[in-house]
């Protein structure tokens, strides 16, 4: 019964296996990691890499959040709840080697921050660091937003210019096509002019071809119908001796 009562608040908090609580947003994660890096740098133990256990990188924010939800590291360790948290973060709880590495991760990276924040002076220090980080992230967010808006405007202008260029190119192509059609029409009209001999005194006359046989017959018929010239009788010359 006690285990069921202890696990019931965890389900209400919305713990996600391998990812941490649902209510942890990306903004909160980034803010916590900046705070942790700043705190570890001030202690002379900079955070160079994210620790991993069993080939899986540990979500330090989710680890810290769940431990603090359950009353802190001492309480979690005393009640043997670390295997429950390890399961939520994707670490096999039945492997003793992995559990030792998992416990060492919290002791090395997160426990100093927990101890520092539990004192009045440390709590005030954490609040000051949080305010500084909030201001930095807000400026970065505004700068990024302005840059995105500028990029969007530039993309819109480029798209408008491309559309205008496409319209101009289409108009030029249509004009060229119309010009080519007119040239082709003129050429076809010139090719369709009949081949007629010109009467230099006026308009052209059609050229009529006469078959050769018909020409011969017409010439013969004309010769037959033409009157024969009368033969003139030449008086014979008498010879006088």
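Residue numbers (our numbering): 22 to 262.
The C-beta atom is built at its ideal place from N, Cα and C for all residues, glycine as well.
With C-beta atoms as the reference, is residue i less than 9 angstroms away from residue j?
{"i": "residue 87", "j": "residue 109", "result": "yes"}
{"i": "residue 131", "j": "residue 56", "result": "no"}
{"i": "residue 150", "j": "residue 60", "result": "yes"}
{"i": "residue 139", "j": "residue 76", "result": "no"}
{"i": "residue 104", "j": "residue 89", "result": "no"}
{"i": "residue 91", "j": "residue 112", "result": "no"}
With residue i and residue j assumed to form a contact (beta carbons below 8 angstroms), what rounded beta-carbon distance in angstroms separates them?
{"i": "residue 74", "j": "residue 153", "result": "At roughly 31 angstroms, the Cβ-Cβ gap does not stay under 8 angstroms, so residue 74 and residue 153 are not in contact."}
{"i": "residue 133", "j": "residue 180", "result": "Incorrect: roughly 53 angstroms between the Cβ atoms, too far for contact."}
When DSSP labels each residue in this structure, what does residue i get in the three-state scheme?
{"i": "residue 77", "result": "strand"}
{"i": "residue 144", "result": "helix"}
{"i": "residue 228", "result": "Interpretation of residue 228 is limited by its pLDDT of 45, a score under 50 that renders its predicted location unreliable; the figure taken from the coordinates is listed afterwards. Coil."}
{"i": "residue 56", "result": "helix"}
{"i": "residue 164", "result": "helix"}
{"i": "residue 192", "result": "helix"}
{"i": "residue 2", "result": "The shown model of the chain, from 22 to 262, leaves out residue 2, and the question about it has no answer."}
{"i": "residue 63", "result": "helix"}
{"i": "residue 101", "result": "coil"}
Regarding residue i and the ligand NAP, is the C-beta to nearest heavy atom distance less than 8 angstroms?
{"i": "residue 121", "result": "The model on display carries no ligand, and the ligand NAP is accordingly not part of it."}
Could you tell me whether the segment 145-161 touches the segment 98-105, where touching means 3 or more Cβ pairs closer than 8 angstroms?
Contact fails: fewer than three Cβ-Cβ distances are below 8 angstroms.
Within the chosen definition, does the segment 45-64 reach the segment 80-96 through at least 3 CB pairs nearer than 8 angstroms?
Counting Cβ pairs under 8 angstroms, three or more are found: they touch.
Give, in chain order, every unbroken run of the alpha helix (DSSP H) that is at least 4 residues long and sits entirely within the segment 103-152.
When DSSP assignments are scanned along the segment 103-152, the uninterrupted stretches of alpha helix (DSSP H) that are 4 or more residues long and fall wholly within it turn out to be 103-109, 117-126 and 132-138.
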